[in-house]
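Heads up: the sequence shown at position 137 corresponds to 145 in the numbering used here, and the numbers run straight through without jumps.
C-beta: ideal position from N, C-alpha, C; glycine also.
Because the structure is a prediction, the values reported are computed rather than measured.
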Amino acid sequence: MGTGTPIRNPSPCSHSPIHPRSHAPSSLHQTRRHPPASLPSSLVLGAARLRLRGGSRMRSKQPLLVRLAILSDIHSNLEALERTFRAVDDANVDAVYCLGDVVGYNADPAACVDLVRERCDAVVLGNHDAAVAREADVHFLPADGQEAARHNRAQLSDAQRDWLADRPLMHTAANCTFVHATPDDPMAWKRLTAYPAAQDQFDHFGTDVCFIGHTHSPAVMADTLGIFRVRAGHRYLINVGSVGQPRDGTPKLSFGLFDTDTYDYENVRLDYDVAAAARKIRNADRLPDRLADRLKEGR
């Protein structure tokens, strides 16, 4: 296969109004609402359901995006992705957003890229996407990730690599921000695992909710305690976890469902055919066997 087109300075943000299938790029010019300095802060790991009370619903003459599905860190795991989309179909969502890392670690990059392109309304760039789209970018990945990136790159067509390279770093729609790692510096690929590290992030998005991935562990970070019943104006960083390589001690895939009308958020965890995905890794050339073990362990 050819070398593909290098990443062309991914656009910082794409923006959709409140209606689906509209992704006109624009710069991110938003009024930033700072968290009240007098309020304490909180982090909830692995939250299953919560209601973000008091959120503001955007108004539009276009059809509202009410129910959203948010996926992240698919990592070429076709078995997990297909199971996720079956659940998304059952949930009757209005739009699907992907927070990046479509590829890496697992054995089915081409099928996953094609399925995400077909099913998702917007997709942002992840660090493994960048590494696979341009081989020079593998240096920032761990050793296993570098091996998997080279394997995945060889499986993709030029057109598929070009599509990955063209993903924006951020996307906004339905009063939500979507980014792979952090909104302050998306290509630094920082890992937010505790609230102190996340506190400054609220200065860098102007929507009520910012959805992130990258750590492979679901979590909710709020600008106040009492996240189940918060006052109007409070905002959230929500990590939806990983579809294709969970790392929170369970092999169950993870994704998010968000209702922009009721402000209910649900972290969905589902079983899938881990054995089949692991077997593909072991049968593939240039994929380390230990990546199959990680799927089974959820770490």
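From the options, residue whose alpha carbon lies closest to that of residue i
{"i": "N135", "options": "C128, E126, C106 and F148", "result": "F148"}
{"i": "D129", "options": "D137, L107, A144 and A118", "result": "L107"}
{"i": "I82", "options": "L295, N275, Y280 and V251", "result": "V251"}
{"i": "A156", "options": "A141, G264 and S262", "result": "A141"}
{"i": "D145", "options": "A196, D97, S262 and V101", "result": "A196"}
Distance, residue j Cα to residue i Cα
{"i": "V132", "j": "G221", "result": "11 Å"}
{"i": "S50", "j": "E305", "result": "Below a pLDDT of 50, predicted positions are generally treated as unreliable, and S50, at 42, falls in that range; no measurement from the model is reported."}
{"i": "A292", "j": "N160", "result": "10 Å"}
{"i": "Q163", "j": "K288", "result": "14 Å"}
{"i": "Q168", "j": "N247", "result": "27 Å"}
{"i": "L79", "j": "K198", "result": "19 Å"}
{"i": "D281", "j": "D116", "result": "14 Å"}
{"i": "P150", "j": "C218", "result": "26 Å"}
{"i": "D102", "j": "A88", "result": "21 Å"}
Local Cβ density within 10 Å of residue i, reported as buried at 16 or more and exposed below that
{"i": "R175", "result": "buried"}
{"i": "D137", "result": "buried"}
{"i": "R94", "result": "exposed"}
{"i": "G249", "result": "buried"}
{"i": "E126", "result": "exposed"}
{"i": "N275", "result": "buried"}
{"i": "D211", "result": "exposed"}
{"i": "R302", "result": "buried"}
Close beta carbons around residue i, own chain, < 6 Å, minus the five adjacent residues each side
{"i": "N85", "result": "N114, G252 and A285"}
{"i": "H179", "result": "S22, A130, V132 and F186"}
{"i": "F213", "result": "T185 and P191"}
Own chain partners of residue i with C-beta closer than 8 Å, once the 5 adjacent residues on each side are dropped
{"i": "T258", "result": "R277 and G306"}
{"i": "D152", "result": "Y113, P296, R298 and L299"}
Neighbourhood of residue i by C-beta distance below 7 Å, restricted to the same chain and skipping five residues each side
{"i": "P194", "result": "L177, M178, V187 and H188"}
{"i": "A206", "result": "L200, M229 and L245"}
ask   = Considering only residues of the segment 96 to 147, which uninterrupted beta strand (DSSP E) runs meet the minimum length of 3 residues and lie entirely inside it, listed in chain order?
value = Runs of the beta strand (DSSP E) inside the segment 96 to 147: 103 to 106.
Ordered list of beta strand (DSSP E) runs contained in the segment 148 to 221, each at least 3 residues = Within the segment 148 to 221, the runs of beta strand (DSSP E) at least 3 residues long that lie entirely inside it are, in chain order, 178 to 181, 184 to 187 and 217 to 220.
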